[in-house]
Amino acid sequence: MEEKKPFVKVPASGYIVLVVAIVIFSGLLAKVHGWNMLDFNTLNGAFGTMKTAKANFIGAGGVGARAGFLFALSLVPGVMLALGLMEIVEHYGGLKAAQKLLTPILRPLMGIPGICVVALVSSLQSTDAGAGMTKNLRANKDITLHELLIFAAFQFTAGGVIGNYLASGSALFGVMTVPIVVPLVVMMVMKLFGSTVMRLYCWKFVKEEK
Amino acid sequence: MTEPNTAAIAAEKKDSIMDVFVRGALKGWDIGIKNIVPNVIMAFVCIQMLTVTGAMAWLGKVFAPIMALWGLPGEAIMVLMGALMSMGGAVGVAMSLVADGKLDGNAVAIVMPAIYLMGSKIQYLGRFLGTAGVPTKYWGFMLGLSIVNAGIAMFIMKIIVH
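Those protein sequence lines, which keep their order, are chains A and B.
For the first sequence, the working numbering gives the first residue as 1, with consecutive numbering after it.
For the second sequence, the working numbering gives the first residue as 211, with consecutive numbering after it.
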């Protein structure tokens, strides 16, 4: 069966920013002297401490709303850095490059048509963008009930995963003992796993409507 | 080439990579101030209430055997319960447990994917499944799937960490 593929023109810069972004957020070069200028945690840096003190401006032993406020403020630079980088990725066509690379593998991998790829890439950034586009695909009869359920199961678990992970998760990047990219890969694998379970469930229990 | 087109290209060219970064960073500031700060304060206040009433210690003890399956201390249940409500809140809870020395870097790595896989599910029922037009009779299955995903992800992370 011939499938209509969404036509996307990807500038070379798209592939470049995509690769650079993956390198920066993966922590691949974290320990390579000089090259660690392409590492998120290196770029994020560290707060200094008061002279002779051990803790940074958050201090030690704080509790309650006041401690929460100072702590939350300390997270803001990381979030600004992450979203600044993501904006560059988007501006120079990195998302389009990801879209192009994903299109041919969508049907075998998830059992949904290539037309879903824009919604899929958007859904990794924003749950709401994904929800809106998916609704649209169904309303235009581009996807069947089965495909809607499979696609929704993929998006629902860890919704807006890249956007959310980089925004709030960046607070914990400095603490956790694995590279930034590891939890992200695990989440992507589990999203695929979820959609596969839904695919089996549909095939077994859900009647496709005519 | 028509004139408006040239103008549009010129306008786009004017945005240097620095301008683009600054635009994104500004979005980060908005998220930080409007989202992270209130969420983290909410989480810290909840934890403070649980701590002074002794409920925290109790929850830690009760859930210790279950959370031990994933090599986590009992208090980690607070992160997961918080996650169902809000991802940002769960991160706040995790951070306050780190500050108290109850979670270490390995434990954070283990719960990290779970925070998002089962995160904000309560609000996403309406915000995502409702908006996307998924019939309500499948909502329960989707919710269960998310929680199972989170459980499996913690096992995977446990293996990776150790």
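The beta-carbon is built from N, C-alpha and C at its ideal position, and this holds for glycine as well.
Computed from a predicted model, the values in this text were never measured in an experiment.
In its own chain, which residues sit with a C-beta less than 8 angstroms from the C-beta of Trp-35/A, not counting the 5 before and 5 after it? If you number the first sequence from 1, residue 35/A lands on position 35. So the list reads Leu-29, once near-sequence residues are dropped.
State the CB to CB distance for the pair Ser-356/B and Thr-144/A, rounded to an integer number of angstroms; the pair is presumed to be in contact (CB under 8 angstroms). Within the second sequence, numbered from 1, the residue matching residue 356/B stands at position 146. Within the first sequence, numbered from 1, the residue matching residue 144/A stands at position 144. With 8 angstroms as the limit, Ser-356/B and Thr-144/A do not qualify as a contact, their Cβ atoms being about 23 angstroms apart.
Which whole-angstrom value describes the C-beta separation of Ile-243/B and Leu-83/A, a residue pair presumed to lie in contact below a C-beta threshold of 8 angstroms? Taking the second sequence and counting its residues from 1, the one referred to as residue 243/B is at position 33. Taking the first sequence and counting its residues from 1, the one referred to as residue 83/A is at position 83. Separation of the CB atoms of Ile-243/B and Leu-83/A is rounded to 13 angstroms, and the pair is thereby denied contact status at 8 angstroms.
If the cut is a Cβ gap below 9 angstroms, which residues of chain B does Gly-132/A touch? On the first sequence, position 132 is the one that residue 132/A refers to. Near Gly-132/A (Cβ distances below 9 angstroms), the residues of chain B are Thr-341, Ala-342.
Are the stretch 12-28 of chain A and the stretch 93-107 of chain A in contact at 8 angstroms, needing three or more beta carbon pairs? Two segments are said to touch when three or more pairs of C-beta atoms, one from each, lie closer than 8 angstroms; by this definition the stretch 12-28 of chain A touches the stretch 93-107 of chain A.
Given that Leu-327/B touches chain A, what residues does it touch there, using C-beta distances under 7 angstroms? Your numbering for residue 327/B matches position 117 in the second sequence. Within chain A, the residues near Leu-327/B are Thr-157, Ala-158, Met-187, Met-190.
Among Ala-67/A, Leu-101/A, Ala-167/A, Gly-62/A, which has the Cα closest to the Cα of Val-79/A? Within the first sequence, residue 79/A is the residue found at index 79, counting from 1. Of the candidates Ala-67/A, Leu-101/A, Ala-167/A, Gly-62/A, Ala-167/A places its Cα closest to the Cα of Val-79/A.
Beta-carbon of Gly-114/A versus every beta-carbon of chain B: anything under 8 angstroms? In the first sequence, residue 114/A corresponds to position 114, counting from 1. The beta carbon of Gly-114/A sits no closer than 8 angstroms to any beta carbon of chain B.
I think Ile-257/B touches Phe-273/B, with their Cβ atoms under 8 angstroms apart; what is that distance to the nearest whole Å? Counting from one through the second sequence, the residue named residue 257/B turns up at place 47. Counting from one through the second sequence, the residue named residue 273/B turns up at place 63. The beta-carbon distance between Ile-257/B and Phe-273/B, rounded to whole angstroms, is 15 angstroms. This is too long to meet the 8 angstroms contact definition.
Cβ distance (whole Å) where Asn-316/B is taken to contact Phe-193/A below 8 angstroms: The residue labelled residue 316/B in the question sits at position 106 within the second sequence. The residue labelled residue 193/A in the question sits at position 193 within the first sequence. In fact, because the Cβ distance is near 23 angstroms, the residues do not count as touching under 8 angstroms.
Can you give me the C-alpha to C-alpha distance between Ile-22/A and Glu-208/A, rounded to a whole angstrom? Here residue 22/A corresponds to residue number 22 of the first sequence, with the count starting at 1. Here residue 208/A corresponds to residue number 208 of the first sequence, with the count starting at 1. Near 39 angstroms, if we compare the C-alpha coordinates of Glu-208/A and Ile-22/A.
Flag this pair as yes or no: are the beta carbons of Ser-123/A and Gly-174/A separated by less than 8 angstroms? Stepping through the first sequence from its first residue, residue 123/A is reached at position 123. Stepping through the first sequence from its first residue, residue 174/A is reached at position 174. No, these two residues do not count as a Cβ contact at 8 angstroms.
CB contact flag (Met-176/A, Met-322/B, <8 angstroms): As a first step, residue 176/A is located in the first sequence; it is residue number 176 there, counting from the start. As a first step, residue 322/B is located in the second sequence; it is residue number 112 there, counting from the start. Against a cut-off of 8 angstroms, the Cβ pair of Met-322/B and Met-176/A comes out as a contact.
Ile-180/A and Gly-27/A look like a contact to me (Cβ under 8 angstroms); what is the Cβ gap, rounded to whole Å? Against the first sequence, residue 180/A aligns to sequence position 180. Against the first sequence, residue 27/A aligns to sequence position 27. Confirmed, Cβ separation roughly 5 angstroms.
Residues in the stretch 266-284 of chain B with C-beta within 8 angstroms of chain A's C-beta atoms, listed in sequence order? Look at the stretch 266-284 of chain B: it has no residue with a C-beta under 8 angstroms from a C-beta of chain A.
CB contact check: Met-211/B to chain A, cutoff 8 angstroms: Residue mapping note: residue 211/B aligns to position 1 of the second sequence, counting from 1. Unreliable positioning characterises Met-211/B in this predicted model, as indicated by a pLDDT of 41, which lies under 50. A coordinate reading is not provided.
On the three-pair Cβ rule with 8 angstroms, is the stretch 44-59 of chain A touching the stretch 120-139 of chain A? Counting Cβ pairs under 8 angstroms, fewer than three are found: no touch.
For Ile-287/B, return the contacting residues in chain A, with the cut-off set at a CB-CB distance below 7 angstroms. Here residue 287/B corresponds to residue number 77 of the second sequence, with the count starting at 1. None at all; the shortest Cβ gap to chain A is about 17 angstroms.
Can you find a C-beta in chain A that's less than 8 angstroms from the C-beta of Val-303/B? Position 93 of the second sequence, counted from the start, is the residue given in the question as residue 303/B. Cβ-Cβ to chain A under 8 angstroms: no for Val-303/B.
Helix, strand or coil: which one does DSSP assign to Tyr-326/B? The residue you call residue 326/B lines up with position 116 of the second sequence. The answer is helix: DSSP assigns Tyr-326/B an H, G or I state.
Taking only the alpha-carbon atoms, compute the straight-line gap between Ile-320/B and Ile-369/B and give it to the nearest angstrom. In the second sequence, the residue the question calls residue 320/B occupies position 110. In the second sequence, the residue the question calls residue 369/B occupies position 159. In this model, Ile-320/B and Ile-369/B are separated by some 9 angstroms (Cα to Cα).
Consider the Cβ of Pro-183/A: report whether some Cβ of chain B lies at a distance smaller than 8 angstroms. Taking the first sequence and counting its residues from 1, one reaches residue 183/A at position 183. Pro-183/A counts as touching chain B.
Take Cys-116/A as the anchor and find which of Phe-25/A, Leu-102/A, Ala-97/A has the nearest alpha-carbon. Locating residue 116/A in the first sequence gives position 116, counting from the first residue. The shortest C-alpha separation from Cys-116/A is found at Leu-102/A.
Give the residues of chain B in contact with Gly-111/A, contact being defined as C-beta atoms less than 8 angstroms apart. In the first sequence, the residue the question calls residue 111/A occupies position 111. Neighbourhood of Gly-111/A in chain B, by CB distance below 8 angstroms: empty, with the nearest CB roughly 16 angstroms away.
Which of helix, strand or coil DSSP assigns to Ser-13/A: For this step, residue 13/A is matched to residue 13 along the first sequence. DSSP, read as helix, strand or coil, puts Ser-13/A in helix.
If we define contact as Cβ-Cβ less than 8 angstroms, is Tyr-294/B a contact residue for chain A? Sequence index remark: in the second sequence, residue 294/B carries index 84 (1-based). Residue identity differs from the one stated: residue 294/B is Leu in this sequence, not Tyr. For Leu-294/B, the answer is no, since every Cβ of chain A falls outside 8 angstroms of its Cβ.
Using a beta-carbon distance below 8 angstroms, is Lys-135/A in contact with chain E? Absence of chain E from the displayed structure is noted, the protein chains being A and B.
Neighbourhood of Phe-254/B by C-beta, 6 angstroms cutoff - its chain only, sequence neighbours within 5 removed: In the second sequence, residue 254/B corresponds to position 44, counting from 1. Closer than 6 angstroms at Cβ, skipping near neighbours: Ser-306.
Three-state class that DSSP yields for Asp-314/B in the structure shown: Stepping through the second sequence from its first residue, residue 314/B is reached at position 104. Three-state DSSP puts Asp-314/B in coil, outside helix and strand.
Return the CA-CA distance between Ile-300/B and Val-318/B, expressed in angstroms with no decimal places. On the second sequence, position 90 is the one that residue 300/B refers to. On the second sequence, position 108 is the one that residue 318/B refers to. Residue identity differs from the one stated: residue 300/B is Ala in this sequence, not Ile. The straight-line gap from Cα to Cα measures roughly 11 angstroms.
Report the CB separation of Val-250/B from Gly-68/A in whole angstroms; it is logged as a contact under 8 angstroms. Indexing the second sequence from 1 puts residue 250/B at position 40. Indexing the first sequence from 1 puts residue 68/A at position 68. A Cβ-Cβ separation of about 5 angstroms places Val-250/B in contact with Gly-68/A under the 8 angstroms criterion.
Show which residues of chain B have a CB atom less than 8 angstroms away from the CB atom of Arg-138/A. One-based indexing of the first sequence puts residue 138/A at position 138. Neighbours of Arg-138/A on chain B, chain order: Ala-342, Gly-343.
Counting only C-beta atoms, is Ala-97/A closer than 8 angstroms to chain B at any point? To locate residue 97/A, count along the first sequence from 1; it is residue 97. No, its Cβ sits nowhere closer than 8 angstroms to a Cβ of chain B.
Do you know offhand how far Val-63/A's Cα is from Ala-309/B's? One-based indexing of the first sequence puts residue 63/A at position 63. One-based indexing of the second sequence puts residue 309/B at position 99. Val-63/A and Ala-309/B have their C-alpha atoms some 9 angstroms from each other.
Check whether the Cβ of Phe-47/A lies closer than 8 angstroms to any Cβ atom in chain B. As a first step, residue 47/A must be located in the first sequence, where it is residue number 47. No, Phe-47/A does not count as interfacial toward chain B.
Please compile the residues from chain B whose C-beta is within a distance smaller than 7 angstroms of the C-beta of Ser-168/A. Taking the first residue of the first sequence as 1, we reach residue 168/A at position 168. Chain B residues near Ser-168/A: Ile-246, Met-297, Gly-298, Val-301.
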